[in-house]
Structure formats: C-alpha cells, structure tokens
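Beneath this line is the structure, given in structure tokens, with notes to follow.
Structure representation (structure tokens):
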C-alpha cells in the first residue's frame with residue numbers, strides 16, 4: 001500500500017509527458033529558421049532530371065529536363081530537346097519562396113509522412129492581399145528537411161509538393177519531387193478539332209481533376225554559378 | 233498499258249486547268265503560313281486557353297513547322313477532295329463533251345483496260361497534288377518555323393509527340409490521305425461515266441462529299457452506330473489517327489506507338505472497298521454504255 005501512491009504518481013507524470021508537447025520540440029519559427037539556414041547552403045544549382053506528367057487531359061511523353069535555381073527565388077525547368085509544359089505553381093510556389101515571405105507561424109502538432117515522423121507547421125501570410133492563403137509544411141525535425149508542403153492559393157486552388165531525399169541530403173536537395181495541383185476542365189469543340197472518331201469508347205476524365213508531375217533528379221551541380229540569362 | 237497511261241497523263245497535264253488546284257493549294261498554304269507566322273500565338277491561345285491557367289506554355293516553341301503542317305492538313309484535307317474532283321470528274325465526261333470518247337473506244341483496247349488506265353491517271357494526279365501539298369505544307373513550314381515537339385489539340389486531350397517521332401507519322405498520314413483522296417477520285421470517276429459534260433460529275437462529287445462530311449461530323453446516337461461507320465467521309469479523317477499515341481498506365485504518351493491502329497486499318501479497308509466498288513461500277517456501266525458522242 002505504501003508503494004501505491006508513488007507508482008500512481010509516476011504513472012500520472014509519465015502519461016502527462018506523453019500527452020504534452022515535447023519539451024525538447026523547438027518553437028515553430030526557430031525550426032523554420034533552421035530549415036531555411038539549411039536550404040541557404042545552396043546558392044544555385046543546375047540539375048538534370050526526368051519529368052513525368054500525369055494529367056487526365058494531357059498525353060505527353062517523359063521528358064529529360066534541366067532545372068536551374070538561383071537564390072533567392074529564381075527557378076526554371078527547361079527541356080532542351082523539346083517542349084515541356086511546366087505547372088505554374090511548380091515555379092511560383094517553390095520552397096524558397098515559401099520560406100522567405102512574411103508569415104505568422106503556427107505549430108500544428110505532429111504527423112507521419114512517408115514513414116517519417118514530422119512536425120506540422122502552418123504559415124499564414126501577413127499580407128491580406130497575398131495570393132497564398134495558407135501553407136502547411138511537414139518537417140522532418142531531426143534532419144531539418146521539408147518532406148511535404150501543401151499550399152492553398154486564392155486563385156489556383158491547392159498545390160502539394162512531396163519530396164524524398166537521398167544522394168543530396170547534405171544540401172537538403174531532393175532526389176524526387178511529386179507536385180500535385182488542381183486543373184481545369186479541358187474540352188474543345190469537335191468542329192474545331194475535327195477529331196478522327198475511331199469508334200472506341202473514350203474515357204472522359206471527370207472534371208475538374210488533379211494533375212501530378214513527378215520530377216526525378218539524376219544529378220546536381222551545386223554552387224557552381226548559374227547565369228541570370230537562363231531565367232529569362 | 234504504260235503507253236496508254238502516259239498518254240492519259242499527257243492529256244491531263246497538258247490542260248491549263250489541271251494546274252489550278254496546284255495554284256490554289258499553294259495560295260491557301262502560303263496564306264495559312266503567313267497568318268500563323270504573324271498571329272500564330274492567338275491561334276494557340278484559343279486552342280490552349282484551358283491549359284494556360286495551370287501551365288506555363290512556351291507558345292513560341294509550340295508554334296513550329298510540324299504543328300503548322302498539321303493545321304494546314306486539317307484545313308486543306310477538307311478542300312482538296314474538291315480539287316481532286318476537278319480532274320477525276322472530267323476524265324471521261326470531258327472526252328464525251330469533246331466528242332473524242334467514241335474514237336477512243338473503237339481503238340483495239342478493251343473498255344476495262346481503258347477505264348483502268350484513266351482511273352490510274354486520276355490517282356497519279358491525286359498523288360501529285362498530295363506530294364505538292366506535302367512539299368509546301370511540311371517542308372516549307374519546317375523551313376519557315378523550325379521543328380520541335382508537336383502538340384495536337386484533340387476534343388478532350390492534348391497530345392505531345394517528340395520531334396524525333398513525328399516524321400514517320402507524316403509519311404503514314406500522307407500515304408493514308410492518298411487512299412482517302414483516291415476514294416473521292418473514284419467517286420468522281422464513276423459519276424463521270426454517266427455524264428456528257430464534266431460540270432455534272434464535278435458538282436455532284438463536291439456536293440456528295442460536302443453533305444456526307446457534314447453527316448460524318450454530326451452526333452445522332454442511332455445513326456452514329458448504323459449509317460455513320462459506312463460513310464466513306466467518316467473514314468477519310470483516319471490519317472489523324474497516326475498522330476494519336478498510346479499512353480502508359482500513368483497517362484504518359486509512348487513514343488512510336490499509334491493509339492488505335494486496328495481502327496485505322498479498318499478505315500483503310502472501308503475506303504479500299506469503296507474504291508473497288510466505285511471503279512467496278514464505273515467499268516460495268518461503261519461496258520454497257522452505248523457511246524454516241
């Protein structure tokens with residue numbers, strides 16, 4: 001009986017520690033600063049990769065692309081051997097853009113992404129007229145890596161970026177990026193296109209649908225300098 | 233046979249009006265090329281308006297020679313049948329009109345052989361028109377606009393074909409167009425047998441092609457599955473099928489593939505049946521015909 005109270009006390013303390021936010025967890029703005037500092041190691045890069053586009057109304061082949069980046073926010077995806085349709089948000093809603101604006105930072109607890117435990121941080125723009133309405137970052141806290149970002153805009157719906165890291169982890173540069181975005185319905189009058197009707201039943205995508213672009217990075221050339229003319 | 237064919241080709245290419253379609257095609261192609269050179273962006277903005285909100289569109293790269301050639305073919309392959317009818321509709325009726333048909337059939341050549349030679353001459357003329365069109369529409373556009381990947385706007389899908397994957401599709405499309413236009417030539421040729429002047433078969437062929445093209449483009453459920461598959465005009469657009477690629481499970485186009493080759497071959501078969509039917513009917517009618525002129 002004399003041990004009952006100390007045991008109960010220990011149980012209550014342990015339970016309280018399990019439910020309360022981790023005392024060692026960093027404040028969200030501190031964590032964000034550390035992530036930003038990690039990304040700031042990279043002044044510029046030129047990377048090669050393969051871009052796969054999966055949009056219900058687009059039938060395009062895989063493309064070999066070159067991706068150029070220069071701080072603070074210049075990003076260009078170019079297909080030197082042909083044409084690539086790049087989603088608008090992939091360029092305008094880059095992580096560097098997200099981390100550089102003036103936001104109110106909110107801690108939204110923790111979650112799991114791709115098998116990794118992540119801190120969820122929400123960014124609310126301080127500018128009432130900003131196109132960005134809300135951005136949610138899923139940060140792998142021990143590695144200081146953003147694994148996922150979901151951004152809702154005023155005009156163009158919600159964008160989601162998922163990143164996986166490998167060879168270029170030291171620079172916080174992903175090996176793979178999956179970009180998901182909203183698309184509008186695509187339909188042209190038959191009298192304009194004069195399509196050949198082969199008699200087969202076509203799978204008309206239910207509109208509006210979500211589009212997905214996967215970018216598999218093959219190699220990076222980091223901090224070797226990128227000309228500004230590339231981005232024009 | 234070869235001597236007769238040369239004689240027929242000589243007769244066709246000796247007439248000044250034979251060259252009118254060549255001039256008309258050149259004029260139409262140059263006008264379209266000029267229009268697209270100066271205001272191609274507006275055309276692309278119209279075709280890609282629902283994409284421009286979601287994607288950065290490199291309009292200057294998309295407006296290249298391959299696309300321009302496709303736009304030209306899309307426009308002209310509706311009009312070219314009418315130009316083919318000008319010569320094919322005249323090939324027998326013109327002889328009757330000039331009073332040379334009787335002297336032609338009294339020569340020691342069977343009527344069947346005579347008609348076959350005349351039909352082959354019409355087909356050669358059609359091929360010449362298409363080669364002219366290919367030179368101007370494809371080669372000249374490639375020179376004027378350069379080359380790049382080709383984007384094709386379909387009813388519900390936008391297709392992209394790699395530049396290295398385009399040319400063979402054009403060769404296949406022109407080959408198919410030869411058969412499609414030969415069907416029109418065969419129809420005009422058949423109607424030419426029944427007339428004593430060339431206006432009738434030419435106007436009749438043009439009218440039939442226009443009416444059937446409109447019917448082919450209409451969407452009426454009952455008629456879609458019954459009448460439409462058997463109209464030759466429904467199959468004349470199958471050349472476009474060579475520009476439709478198959479896609480993998482994730483929606484990416486697979487280079488070097490055709491979306492529905494069996495359907496194109498089926499359409500080709502229907503057109504060949506029409507050609508055989510029209511030419512056979514022409515021969516049978518001509519053999520029975522009492523030639524007085």
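Chains as they are written, first to last, in my numbering: chain V, 1 to 232; chain S, 233 to 525.
All C-beta atoms, glycine included, are put in the ideal place defined by N, C-alpha and C.
Here the structure is a predicted model, which is why all the values come from computation and not from measurement.
Notebook entry, point to check: With a CB to CB cut of under 7 Å and the five nearest residues on each side skipped, what residues in its chain are close to residue 509 of chain S?
Noted result: none
Margin query: Please report the straight-line C-alpha distance between residue 44 of chain V and residue 37 of chain V, rounded to a whole angstrom.
Written below: 14 Å
Check: Comparing the C-beta of residue 277 of chain S with each C-beta of chain V, is any distance below 8 Å?
Finding: no
Next item on the list: Under the assumption that residue 358 of chain S contacts residue 410 of chain S (Cβ atoms under 8 Å), give the Cβ distance between them as a whole number of angstroms.
Entry: 7 Å
Item checked: Rounded C-alpha distance that separates residue 454 of chain S from residue 198 of chain V -> 17 Å
Check: Within this structure, are the beta carbons of residue 472 of chain S and residue 196 of chain V separated by less than 8 Å?
Finding: yes
Next item on the list: Flag this pair as touching only if the segment 77-92 of chain V and the segment 376-396 of chain S have three or more C-beta atom pairs under 8 Å; answer yes or no.
Entry: yes
Note to self: Which residue wins for smallest C-alpha separation from residue 78 of chain V, given the options V/215, V/189 and V/224?
What the structure shows: V/215
Notebook entry, point to check: When burial is assigned at 16 or more other CB atoms within 10 Å of the CB, is residue 401 of chain S buried or exposed?
Noted result: buried
Note to self: For residue 44 of chain V, report the span of its beta strand (DSSP E) as first-last.
What the structure shows: 44-54
Notebook entry, point to check: Taking buried to mean at least 16 other C-beta atoms within 10 Å of its own C-beta, is residue 265 of chain S buried or exposed?
Noted result: buried
Check: Would you report the Cα separation of residue 467 of chain S and residue 243 of chain S, rounded to the nearest angstrom?
Finding: 31 Å
Note to self: Does residue 174 of chain V come out as helix, strand or coil in the three-state DSSP assignment?
What the structure shows: strand
Next item on the list: Measure the C-alpha to C-alpha separation of residue 27 of chain V and residue 102 of chain V and round it to an integer number of angstroms.
Entry: 17 Å
Checklist line | Coarse secondary structure for residue 265 of chain S, derived from DSSP in three states | finding: helix
Margin query: Please state whether the Cβ-Cβ distance between residue 515 of chain S and residue 337 of chain S is less than 8 Å.
Written below: no
Checklist line | CB-CB length for residue 349 of chain S against residue 236 of chain S, believed under 8 Å | finding: 4 Å
Next item on the list: Please report the residue range of the beta strand (DSSP E) in which residue 136 of chain V lies.
Entry: 132-140
Note to self: DSSP has residue 182 of chain V in a bridge; who is on the other side?
What the structure shows: V/210
Margin query: Which runs of the alpha helix (DSSP H) at least 4 residues long sit entirely within the segment 354-425 of chain S? Give them in chain order.
Written below: 373-377 and 399-425
Check: From what residue to what residue does the beta strand (DSSP E) around residue 78 of chain V run?
Finding: 74-78
Notebook entry, point to check: Roughly how many angstroms lie between the CA atoms of residue 224 of chain S and residue 354 of chain S, to the nearest whole one?
Noted result: The requested residue 224 of chain S does not occur in the structure, where chain S is confined to residues 233 to 525.
Check: Are the Cβ atoms of residue 331 of chain S and residue 430 of chain S separated by less than 8 Å?
Finding: no
Checklist line | Contact list for residue 485 of chain S against chain V, beta-carbon separation under 8 Å | finding: 59, 60 and 61
Checklist line | Beta-carbon proximity list for residue 361 of chain S, same chain, < 8 Å, skipping 5 on both sides | finding: 253, 254, 257, 312, 315, 316 and 413
Check: How is residue 109 of chain V classed by DSSP in three states: helix, strand or coil?
Finding: strand
Check: chain V partners of residue 381 of chain S, CB-CB under 7 Å?
Finding: 82 and 83
Next item on the list: Could you name the residues of the same chain whose beta carbon sits closer than 7 Å to that of residue 416 of chain S, not counting the 5 residues immediately before and after it, in chain order?
Entry: 313, 316, 317, 437 and 441
Notebook entry, point to check: From what residue to what residue does the beta strand (DSSP E) around residue 64 of chain V run?
Noted result: 63-70
Item checked: Spatial neighbours of residue 434 of chain S in its chain, beta-carbon cut-off 8 Å, leaving aside the 5 residues before and after -> 317, 318, 321, 322 and 420
Margin query: With a threshold of 8 Å between beta carbons, is residue 74 of chain V in contact with chain C?
Written below: Absence of chain C from the displayed structure is noted, the protein chains being V and S.
Item checked: Sheet register partners of residue 217 of chain V (DSSP bridge) -> V/49
Note to self: For residue 134 of chain V and residue 293 of chain S, I'd like the C-alpha separation in whole angstroms.
What the structure shows: 35 Å
Notebook entry, point to check: Beta-carbon separation of residue 481 of chain S and residue 373 of chain S under 8 Å?
Noted result: no
Check: So with Cβ pairs under 8 Å, would you call residue 188 of chain V a contact of chain S?
Finding: yes
Notebook entry, point to check: Roughly how many whole angstroms lie between the Cα atoms of residue 496 of chain S and residue 200 of chain V?
Noted result: 12 Å
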